[in-house]
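Peer 1: By the count of UniProt numbering, the sequence shown reaches residue 874 at its end, each step adding exactly one.
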Amino acid sequence: MRDAQPKAIYLKDYQQPDYWIERTELTFELQDEYTLVTAQLDCVRNEQAQPGAALLLAGQDLELLSLVLDGQPLTAGQYETGEESLTVHGLQERSQLEIQTRIYPAKNTALEGLYRSGGMYCTQCEAEGFRRITYYLDRPDVMSVFTTHIIADAAQFPVLLSNGNLVADCVDDGLHKVTWHDPHKKPAYLFALVAGDLRVKEDRFTTMNGRDVALKIFVEPQNIDKTDYALDALKRSMRWDEETYGREYDLDIFMIVAVDDFNMGAMENKGLNIFNSSCVLANPATATDAAYQRIEAIVAHEYFHNWSGNRVTCRDWFQLSLKEGFTVFRDACFSADMNSATVKRIEDANIMRTVQFAEDGGPMAHPVQPDSFIEISNFYTVTIYEKGSEVVGMLHKILGKDGFRKGSDLYFERHDGQAVTIYDFVQAMEDANHVDLTLFKRWYKQAGTPVVTVNSEYDADAQQLRLTLSQRCPDTPGQSNKLAQWIPVQLGLIGADGQDLAIDVEPAAAWTESSQVLHLTEAEQTFVFNGISEQPRLSLFRDFSAPVKVEFEQSADDLLFLLQHDSDGFNRWDAGQRLMLSWISAAQQGRFELLPQVRDVFARLLADESLDPAMVSCLLTLPSEAYIAEFSAQVDPLAIHAARKQVQQAIAASLVKEFSACYQRLQSTAAYAPVPAQMSARSLKNLALAYWVKGSADGLAQAVSQYRSADNMTDQMAALVAVVNSGASAQAEQLLGDFYQQWSQDALVVNQWLSVQAGSAELGRVEFIQQLLAHPAFDWRNPNKVRSVLGAFANQALCHFHREDGAGYRLLADAVLRLNDSNPQIAARLLTPLTKWRRLVPELSELMKAELQRIMQHDALSKDVYEVVSKSLI
Ligand code: ARG
Ligand code: ZN
1 MRDAQPKAIY
11 LKDYQQPDYW
21 IERTELTFEL
31 QDEYTLVTAQ
41 LDCVRNEQAQ
51 PGAALLLAGQ
61 DLELLSLVLD
71 GQPLTAGQYE
81 TGEESLTVHG
91 LQERSQLEIQ
101 TRIYPAKNTA
111 LEGLYRSGGM
121 YCTQCEAEGF
131 RRITYYLDRP
141 DVMSVFTTHI
151 IADAAQFPVL
161 LSNGNLVADC
171 VDDGLHKVTW
181 HDPHKKPAYL
191 FALVAGDLRV
201 KEDRFTTMNG
211 RDVALKIFVE
221 PQNIDKTDYA
231 LDALKRSMRW
241 DEETYGREYD
251 LDIFMIVAVD
261 DFNMGAMENK
271 GLNIFNSSCV
281 LANPATATDA
291 AYQRIEAIVA
301 HEYFHNWSGN
311 RVTCRDWFQL
321 SLKEGFTVFR
331 DACFSADMNS
341 ATVKRIEDAN
351 IMRTVQFAED
361 GGPMAHPVQP
371 DSFIEISNFY
381 TVTIYEKGSE
391 VVGMLHKILG
401 KDGFRKGSDL
411 YFERHDGQAV
421 TIYDFVQAME
431 DANHVDLTLF
441 KRWYKQAGTP
451 VVTVNSEYDA
461 DAQQLRLTLS
471 QRCPDTPGQS
481 NKLAQWIPVQ
491 LGLIGADGQD
501 LAIDVEPAAA
511 WTESSQVLHL
521 TEAEQTFVFN
531 GISEQPRLSL
541 FRDFSAPVKV
551 EFEQSADDLL
561 FLLQHDSDGF
571 NRWDAGQRLM
581 LSWISAAQQG
591 RFELLPQVRD
601 VFARLLADES
611 LDPAMVSCLL
621 TLPSEAYIAE
631 FSAQVDPLAI
641 HAARKQVQQA
651 IAASLVKEFS
661 ACYQRLQSTA
671 AYAPVPAQMS
681 ARSLKNLALA
691 YWVKGSADGL
701 AQAVSQYRSA
711 DNMTDQMAAL
721 VAVVNSGASA
731 QAEQLLGDFY
741 QQWSQDALVV
751 NQWLSVQAGS
761 AELGRVEFIQ
771 QLLAHPAFDW
781 RNPNKVRSVL
791 GAFANQALCH
801 FHREDGAGYR
811 LLADAVLRLN
821 DSNPQIAARL
831 LTPLTKWRRL
841 VPELSELMKA
851 ELQRIMQHDA
861 LSKDVYEVVS
871 KSLI
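#1: Would Gln516 be called buried (16 or more neighbouring beta carbons within 10 Å of its own) or exposed?
#2: Give the straight-line distance between the Cα atoms of residue 885 and Arg854, rounded to the nearest whole angstrom.
#3: By Cβ distance below 7 angstroms, which residues in the same chain neighbour Glu359 in space, the five residues on each side in sequence not counted?
#4: Tell me whether Gly271 sits in a helix, a strand or coil according to DSSP, three-state version.
#5: Taking all protein chains shown into account, decide if Tyr10 is buried (16 or more other Cβ within 10 angstroms of its Cβ) or exposed.
#6: Measuring only the C-alpha atoms, how far is Phe357 from Glu630?
#7: Please classify Ala8 as buried or exposed, where buried requires at least 16 neighbouring CB atoms within 10 angstroms.
#8: Where do the ends of the alpha helix (DSSP H) carrying Gln706 lie?
#9: Should Thr327 be listed as close to ligand 2, given that the test is whether its C-beta is under 7 angstroms from any heavy atom?
#10: Shortest alpha-carbon distance to Lys323 belongs to which of Gly361, Val368, Leu251 and Lys344?
#11: Where does His396 fall in DSSP's three states?
#12: What runs of the alpha helix (DSSP H), each 4 residues or longer, lie entirely inside the region 515 to 587?
#13: Select from Leu619, Val647 and Val452 the residue whose C-alpha is nearest the C-alpha of Val548.
#14: Just to check my reading of the structure: Thr313 and Pro187 have Cβ atoms closer than 8 angstroms, yes? What is that Cβ distance to the nearest angstrom?
#15: Which term fits Pro221, buried or exposed, when burial requires 16 or more other beta carbons within 10 angstroms of its beta carbon?
#16: Counting pairs of Cβ atoms below 8 angstroms between the region 525 to 536 and the region 427 to 442, do you hit three or more?
#17: On the three-pair Cβ rule with 8 angstroms, is the region 301 to 308 touching the region 154 to 164?
#18: Does the separation of the CB atoms of Leu830 and Gly806 fall below 8 angstroms?
#19: May I have the straight-line CA-CA distance separating Ala214 from Ile253, to the nearest angstrom?
#20: With a threshold of 7 angstroms, establish whether the CB of Glu324 neighbours any heavy atom of ligand 2.
#21: Straight-line CA distance for Asn823 to Ser654?
#22: Verify the contact flag: Tyr303, CB atom, against every heavy atom of ligand 1, threshold strictly below 7 angstroms.
#23: Taking the continuous alpha helix (DSSP H) assigned at Trp743, which residues delimit it?
#24: Measuring CB to CB, does Ile217 end up less than 8 angstroms from Leu30?
#25: My assumption, with CB atoms under 8 angstroms, is that Asp543 sits in contact with Phe561. Please give the rounded CB distance.
#26: Quick check on the burial criterion: 16 or more other C-beta atoms within 10 angstroms. Buried or exposed for Gly118?
#27: Measuring from the CB of Gln60, is there a heavy atom of ligand 1 at a distance below 7 angstroms?
#28: Note down the Cα distance separating Pro613 from Thr227, rounded to an integer number of angstroms.
#29: If Ala127 and Ile376 are in contact, beta carbons under 8 angstroms, what's the gap, nearest whole angstrom?
#30: Note down, in chain order, each residue of its chain lying with its Cβ closer than 6 angstroms to the Cβ of Pro6, except the 5 sequence neighbours on either side.
#31: Under the DSSP definition of a beta bridge, which residues are partnered with Gly113?
#32: Taking only runs that begin and end inside the UniProt domain "Aminopeptidase N-like N-terminal" (79 to 190), name each unbroken beta strand (DSSP E) of 3 or more residues, in chain order.
#33: For the alpha helix (DSSP H) holding Asn795, just list the boundary residues, first then last.
#34: Helix, strand or coil for Ala614, going by three-state DSSP, please let me know.
#35: Comparing the CB of Glu846 with every heavy atom of ligand 2, is any distance shorter than 7 angstroms?
#36: So, for Gln554: in the same chain, excluding its five sequence neighbours on each side, which residues have a beta-carbon less than 6 angstroms away from its beta-carbon?
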């Protein structure tokens, strides 16, 4: 156990700093062994602070070389260093402080601050990484104008980048020297620096007001043929943000850099976004359709941050969802506009209902605006991001498209250049729409997933439907007795002909016609629908209108009807999911059988050429094991795995002809392109192949043949996965060997190869995972590799991770301990599956808890790991 327990910090303790930093001038001298950093800070005392107040700066892993205040070198007594701080005395109302520090980027395995990745240098400063570069007021409410000088060996570092505009660039005596100046004030977490021997792909964009912007993507030389798609996605994002939000780009240059070693997906540094290479690089031979869509979404996300995050930023890290929730909402709408909106909604709802609902039900549950944390890195969560986005989406449903836009316009206008809170965002929505959102704000303060219970009664004589909705929200750590939240229930009443009935509801004020939303604002409410001439079928929470669980018994007949006829695509899919869940639960009790009428509906869907193929693919995909687990009080992962497999097998076996016919119909001779129509067709084709392989030997032969003839990674990978999952071990082994031979030089493809194996129920046994960890392609220092093997194993190969002797848990705990020292952020993230121990059947629960206790005994736990483990054991 660590000697001093890390302390939590609280939102209620927020105070402005005693000083602001108006101007920051940085000089980096990159040398082989270390980097010298000189920081000149123009400090201005906060009006609220006492004259003579000390300046308290944050710093971590820094060697302090010198301190000069207003031209005078400081000596002992005029400053003090703490373990992670520097206190300087004697500042005037305005003072200039010069700090020189030495740092060691090559030894920085935490990948925060300035570090080396291969032959290049790069930075990651969000949330609190800048303090590993120099002593600073490393908090988002301190916004400064940055000038950055970089000096490095000219031969090794032809490319030297930082934020803003390049204002000087020369080579002098073998040294490359540049100066970048960013005219926009920004917090230190948006600072970035890159140095390397990189190639650049360039393009241009003309903004809505006719300004010309240079677009540049920097990559290592071997990746220059993988930049086209990201560049195209960037231009589409820039146009979309102008059209949808009226937001124009504000510098003359926008740069993206791809880096192999990166803890997260990407980072929105001002004018210089840094990306995990897996989230930006793609060409048809190496990237799947799913990878292309992810790249499009992340490029957009980071670009959109230029306004929702950079121009208007967060006052403190408790407001993280201010920028992340809003920006995820913005990128989700963009992706919906670029592709199938319904399929995007289904994917997002799936993440909410599996990953986020599980987080809400576990020991790390926290509100969208948390009130305390030990390590902020642990709060880059699905709750902050995805639930935060859902909350913004509910505002969009409540206010309507135009009302929402008025609110966002006011927000950007009012707060441009400021660091603000989530409530400032809500206030702008209220003021622009003259509406009181007091009740709505509870979504930000209360953790947990609300449960809505539905009761309906039809009175044929009165031609009335009475709908009673009640809500409750379970206790979460530190929170009980929650208040009712404002839940928008988008709904339709469907007649026997499949058409929506007209809606005339009392109280009329609870209904918004434009968005077809019923407002549930109390613990229990009854709504009366008039003029209902037949017993309708209810379609509730259309488009996943609120992130809630719904308790509503509907008959299998009703669900089958909705699956075929609901005008809301999301609810068609959801009806199918609910049916499948009921079959899986029946299979667990040994009484499942696929009824002929169900089989026929599936057959019709597969043959229906009027439907979007990607939508059909969603409709026929079984709920994941993680989602099924959400419905059991005591989770038995092995039983869930077996039951799901049985249902999958039954569908495959009874529709062999239909799957093969669908597959044949969707075969295409067109050249591969990552465009929506093609991607949609491939998604259904490859789903059909996966079922066909399970249903017949012909399917297996076809998969092998598709693997051999594929000219793109989507088809090659889908065939490989189908063969691996078929259980045909000889063929699987052969193809996996071929695949590695073909791609061993391409790190991103090798990562996919690792994760297909590690996440597979057929292969992912503990002993095999150990072999993968010892494979030359594996590297503990690279987060993508760690995720590809250990993340895939613990989150997907559930039947092996939950092995009954606990060996799966032990493997993961060992990995967490190993990474605790080198990369705490990744270690803490990897822990998530172990935090679920309370939900498991007793035998497994005990074994998992024992591993957490073993981690807790470790001597030098990082704050990151300590927070997750200690909260999990409470
Ligand atoms: N702001 C970045 C993004 O969403 C993520 C940064 C994550 N950093 C971290 N330390 N967890 O787009
Ligand atoms: Zn973000």
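Positions of the beta carbon are idealized from the N, C-alpha and C atoms, including for glycine.
What you are looking at is a predicted structure, and each value in this text was computed from that prediction instead of being measured.
Peer 2: So, from the data block:
#1: If you draw a 10 Å sphere on the C-beta of Gln516, you find 16 or more other C-beta atoms in it, and that means buried.
#2: The displayed coordinates of the chain run from 1 to 874. Any statement about residue 885 would go beyond what the structure contains.
#3: Cβ contact annotation for Glu359 (same chain, cutoff 7 angstroms, sequence separation greater than five): Ala365, Thr381, Val382 and Thr383, in chain order.
#4: Looking at Gly271 - three-state DSSP - the assignment turns out to be coil, as it is neither helix nor strand.
#5: With fewer than 16 Cβ atoms within 10 Å of its Cβ, Tyr10 is classed as exposed.
#6: Roughly 8 angstroms between the two C-alpha positions.
#7: Counting Cβ neighbours within 10 Å, Ala8 comes out exposed, since fewer than 16 surround it.
#8: Per DSSP, the unbroken alpha helix (DSSP H) holding Gln706 starts and ends at Ala697 to Ser709.
#9: Relative to the non-hydrogen atoms of ligand 2, the Cβ of Thr327 comes within a distance shorter than 7 angstroms of at least one.
#10: Val368 is the residue among Gly361, Val368, Leu251 and Lys344 whose C-alpha sits nearest the C-alpha of Lys323.
#11: Of the three classes helix, strand and coil, the one that applies to His396 here is helix, per DSSP.
#12: Along the region 515 to 587, the alpha helix (DSSP H) occurs as fully enclosed runs of 4 or more residues at 556 to 565, listed in sequence order.
#13: Taking only the C-alpha atoms, the option nearest Val548 is Val452.
#14: Right, the Cβ-Cβ distance comes to about 6 angstroms (below 8 angstroms), so this counts as a contact.
#15: It is exposed - the Cβ of Pro221 has fewer than 16 other Cβ atoms within 10 Å.
#16: The region 525 to 536 makes no contact with the region 427 to 442: fewer than 3 CB pairs, one atom from each, lie closer than 8 angstroms.
#17: Result no; under three Cβ-Cβ pairs closer than 8 angstroms.
#18: Taking 8 angstroms as the Cβ cut-off, Leu830 and Gly806 do not qualify as a contacting pair.
#19: Their Cα atoms are separated by approximately 5 angstroms.
#20: Checking every heavy atom of ligand 2 against the Cβ of Glu324, one is found closer than 7 angstroms.
#21: Just so you know, the alpha carbons of Asn823 and Ser654 end up roughly 49 angstroms apart.
#22: For ligand 1, not one heavy atom lies less than 7 angstroms from the Cβ of Tyr303.
#23: In this chain, the alpha helix (DSSP H) harbouring Trp743 covers Ser729 to Trp743.
#24: Taking C-beta atoms as the reference points, Ile217 and Leu30 fail to come closer than 8 angstroms.
#25: Actually they are not in contact, since the Cβ atoms of Asp543 and Phe561 sit about 19 angstroms apart, beyond 8 angstroms.
#26: Classification of Gly118: exposed, given that the 10 Å Cβ count is below 16.
#27: Look at Gln60: its beta carbon is at least 7 angstroms from all of the heavy atoms in ligand 1.
#28: Roughly 28 angstroms between the two C-alpha positions.
#29: Correct: roughly 5 angstroms between the Cβ atoms.
#30: The residues are Ile374, Lys863 and Tyr866.
#31: DSSP, once it has assigned bridges, lists Gln124 as partnering Gly113.
#32: Taken in chain order, the complete beta strand (DSSP E) segments of 3 or more residues contained in the UniProt domain "Aminopeptidase N-like N-terminal" (79 to 190) are 79 to 82, 85 to 88, 94 to 103, 113 to 117, 120 to 124, 144 to 153, 159 to 162, 165 to 172 and 175 to 186.
#33: Going by DSSP, Asn795 is part of the alpha helix (DSSP H) stretching over Ala792 to Gln796.
#34: Ala614: helix per DSSP, three-state reduction.
#35: Flag unset: Cβ of Glu846 not near ligand 2.
#36: No residues qualify anywhere along the chain.
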